[in-house]
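Reading through the structure tokens given below for one structure.
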Amino acid sequence: ASLEEHTRAVETSDQSAHKVRWDNLLDLAGLELGHDDVEALQAATRAHAGYAAHSDSTSSQLAISAMFAGMAHTAIGQLKPAEGMLNTSLQYYAKVFSREHAESVRALSQLAQALAAQGRYEESLQMLDERRRAVNAKPGPDSRLALHRLLARQLEVALLHGDLEAAGRLIEPTRASLADVAAERERGPAIIAEARWHQLSGRPEAAAKVLDAWLMKLSPEQMAQPFVQRARLTRAEAEIALGRHDRARPLMEQ
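Following the numbering used here, the numbering of the sequence shown begins with 59 at its first residue and continues without gaps.
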């Protein structure tokens, strides 16, 4: 609400305030992702267009706004526009960071997700595997985070592809990479993916155990985040598989 109010206040200000306006919209897009992806898309698209219209905008601003727009497109099923925006993001990131940098990897990971959602699994996995080899060959200060992002996405794509054998080979390295990641929003997708692997492999008890061990550590504020709702849904699926519908219902209602 504070960002929206400030954005409205600068809408009618002089041209020198344009950076504040686009920065506010970019922050709004980041906050809305996962909560209201249509709003996130509108904010990110406006921010990206605003940055693109001014020569003093940085490549980082253009890269992040394009990435947020691509993520929002993916979330609402607009996969071709998502692919275009994420490729644009990678082009701008290439002007700022190396291919092995964690932020470049983040954009690549989002692109891989958009490709996999189109059924282009092999292309997605090949892209992720090639970048993982590059990061391993040229380690840097943020290589561990970059590797975690790549491993977690490879695991998610393998599961989306239905390749439980390939997913199984990624479980241990992905789990090990969690030690290098502090933010729960970064850890969550990998933990949920491991639980889904157990679930799809016919081990709902193991899926429930993985999720419970993680969820019990989260703060009340973290429990309100979108990634936790995905975890609750996966946890409910495990209870249904175990025939415990009475336990699944409150998780689904939450």
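Note that CB positions come from ideal geometry on N, CA and C, so glycine has one too.
Annotation note: the stretch 157-213 contains the following uninterrupted alpha helix (DSSP H) runs of length 4 or greater, listed N- to C-terminal: 160-175, 179-195. Note that the stretch 237-250 touches the stretch 204-224; at least 3 beta-carbon pairs, one per stretch, sit closer than 8 Å. In the displayed model, Q149 falls within a helix according to three-state DSSP. Measuring C-alpha to C-alpha distances from G226 to each of T132, R245, L258, M310 identifies L258 as the nearest. In this structure, DSSP gives I249 a helical state, which the three-state scheme calls helix. Rounded to the nearest whole angstrom, the C-alpha separation of L84 and R66 is 14 Å. Taking a contact to require three or more Cβ pairs closer than 8 Å, the stretch 289-308 and the stretch 262-277 qualify as touching. Sequence-distant Cβ neighbours of N145 in its own chain, meaning closer than 8 Å and more than five residues away, are L169. Each residue's CA atom was taken as its position, placing L120 and N82 some 14 Å apart. Beta-carbon to beta-carbon, H106 and S123 are separated by about 4 Å, close enough to satisfy the 8 Å threshold.
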